[in-house]
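Only one structure is covered here, and it is reproduced in the block below.
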Amino acid sequence: MDYDFKFPTSQAEMDELKKMAARAEISDADLDTVVGGNDDVKGKGKKQGTPWVCPGCGATIMIYQFQDGPKHMTKCPGNPYK
37 MDYDFKFPTS
47 QAEMDELKKM
57 AARAEISDAD
67 LDTVVGGNDD
77 VKGKGKKQGT
87 PWVCPGCGAT
97 IMIYQFQDGP
107 KHMTKCPGNP
117 YK
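This is the structure in structure tokens:
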């Protein structure tokens, strides 16, 4: 493998490397010009679930968190593992 990286051999090169790798602060003006994100998503702030059909009883359940499916299965009348 061939790498295109030169290790610093002097204190001046090391200081330049530190300066280059230092985290730059973003000004408020730069933040105002940022475009994108999910500010225009429909239903922002609402809980959006995923419909899930229980394989045991066939009921359609809205899943909001990972635990919702297993929570239903503990009281499902068609649970084959009860």
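In the numbering used here, the protein residues as written are 37 to 118. Every residue gets a Cβ at the ideal spot worked out from N, C-alpha and C, and that includes glycine. Since we're looking at a predicted model, the values are computed, not measured.
Can you tell me whether DSSP reads residue i as helix, strand or coil?
i      : result
PRO113 : coil
PRO87  : strand
ASP40  : coil
LYS118 : coil
Hey, how far is the Cα of residue i from the Cα of residue j?
i      : j      : result
ILE99  : MET50  : 53 Å
SER46  : ASP104 : 59 Å
MET109 : GLN101 : 14 Å
PRO44  : GLU61  : 25 Å
THR69  : LYS83  : 29 Å
LEU67  : LYS118 : 55 Å
GLU52  : ALA65  : 27 Å
Would you mind reading off the limits of the alpha helix (DSSP H) that contains residue i?
i     : result
LYS55 : 47–57
ALA95 : First-last for ALA95: undefined, no H or E at that position.
Among the residues of its own chain, which have a CB less than 8 Å from the CB of residue i, if the five just before and after it don't count?
i      : result
PRO87  : THR96, ILE97, MET98, ILE99
LYS107 : none
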